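In what follows, a single structure is set out as structure tokens and then discussed.
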Amino acid sequence: MLWDTHMHCYFSGDSEADPDDMIKAAKAAGLSGLCFTDHLDYDFPFDPPGLFEPDLDAYGEAMRALRAAHTGDFRVLHGIELGVQPHLHEKLARVVADGAYDFVICSSHTVDGMDLYYKDFYEGKDEHTAYLRYFTSILENLDGFSDFDVYGHIDYVVRYGPNTNKFFTYDAYADVLDAILQKLVDMGKGIEINTGGFKYGLGHPNPCEDILKRYRALGGEIITIGSDAHEPKHVAYDFAKVPGILREAGFTHFTVFENRKPVFYPLP
Ligand SMILES: [Zn+2]
Ligand SMILES: [Zn+2]
Numbered sequence: 013m014l015w016d017t018h019m020h021c022y023f024s025g026d027s028e029a030d031p032d033d034m035i036k037a038a039k040a041a042g043l044s045g046l047c048f049t050d051h052l053d054y055d056f057p058f059d060p061p062g063l064f065e066p067d068l069d070a071y072g073e074a075m076r077a078l079r080a081a082h083t084g085d086f087r088v089l090h091g092i093e094l095g096v097q098p099h100l101h102e103k104l105a106r107v108v109a110d111g112a113y114d115f116v117i118c119s120s121h122t123v124d125g126m127d128l129y130y131k132d133f134y135e136g137k138d139e140h141t142a143y144l145r146y147f148t149s150i151l152e153n154l155d156g157f158s159d160f161d162v163y164g165h166i167d168y169v170v171r172y173g174p175n176t177n178k179f180f181t182y183d184a185y186a187d188v189l190d191a192i193l194q195k196l197v198d199m200g201k202g203i204e205i206n207t208g209g210f211k212y213g214l215g216h217p218n219p220c221e222d223i224l225k226r227y228r229a230l231g232g233e234i235i236t237i238g239s240d241a242h243e244p245k246h247v248a249y250d251f252a253k254v255p256g257i258l259r260e261a262g263f264t265h266f267t268v269f270e271n272r273k274p275v276f277y278p279l280p
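Structure representation (structure tokens):
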């Protein structure tokens, strides 16, 4: 049975979900467990300031209580999704060291001080230039930050570009994508299959199947599964597709991080 190890609740500035309702939805979907990964994005270029800076003590306390209450057939783990930017590397490393997390996702939501969700990042750039800049910024983050377990939704930029993923292929960015994936493999880090891409109508997960396949071909073994749900109805979104996609990409197992250590489960 699968786990959903990327989801948000009301500790994230863009979610109002009660964690208990997310747990109920995960149980109803037949999962074995979940991991909350609420957002921490310092210096996010958006009003109000601090929208994605939860009270980490309150978050930790709530998560530890939920974790302790779910130790049987259904497990609840405590993670975090860090919005990484080059000037934040040291600050985020301290957060991780202090937090006693099970799982840390490193994500690029902001590049060159611009939120990828808004169009200013894409203005004045053709699509290839914009997407390439997003990917090279991941490489810059990997040069300075290593205190994480998986890199989140590696082709996240295609969710929001003016043409989304209509013209996007692995081949068009093979050099930079290979550099990212090889570096992650060399660092012993994982990636995730994030089914938010299906929810956004891309017809593919983030990252797309060819990138998942390439990570595996380069020797990568650590793949976590997440819906990126911000409300209960999106928990385990399109998970029926996940085992087939991962097998097709060459994986036999998926990964759940517990106390920052990977645990491998056979794909159903
Ligand atoms: Zn994210
Ligand atoms: Zn997320």
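Quick note: the sequence shown, position 200, residue 212 per the working numbering, numbers continuous.
Backbone N, C-alpha and C define an ideal beta-carbon position, used for all residues, glycine too.
Everything numeric in this text was worked out from a predicted model, so none of it was measured.
Would you kindly work out how many angstroms separate the C-alpha atoms of G209 and H242, rounded to a whole number?
Distance from the CA of G209 to the CA of H242, rounded to the nearest whole angstrom, comes to 14 Å.
Figure out for me which residue from S149, R145, A80 and G202 has the closest Cα to the Cα of D159.
Nearest option by C-alpha distance: G202.
Does the distance between the C-beta of G209 and the nearest non-hydrogen atom of ligand 1 fall short of 7 Å?
no
From which residue to which residue does the alpha helix (DSSP H) around F210 run?
G208 to K211
How would you label R171, buried or exposed, when you count the other beta carbons within 10 angstroms and need 16 or more for buried?
buried
V197: which of G232, L214, A184 and Y163 sits nearest, CA to CA?
G232
Using the beta-carbon count (16 or more within 10 Å), is M199 buried or exposed?
Residue burial annotation: M199 is exposed, with fewer than 16 other C-beta atoms found within 10 angstroms of its C-beta.
Need the endpoints of the alpha helix (DSSP H) that D69 sits in, please.
L68 to A81
Continuous alpha helix (DSSP H) stretch holding H99: start and end
Taken as a continuous stretch (DSSP letters only), H99 belongs to no alpha helix (DSSP H), as it is neither H nor E.
Quick one: does the C-beta of S149 sit closer than 7 Å to a heavy atom of ligand 1?
Every heavy atom of ligand 1 is 7 Å or more from the Cβ of S149, so no.
In three-state DSSP terms, what is D94?
Residue identity check: residue 94 is Leu in the sequence provided, not Asp. Reduced to three states, the DSSP call for L94 is strand.
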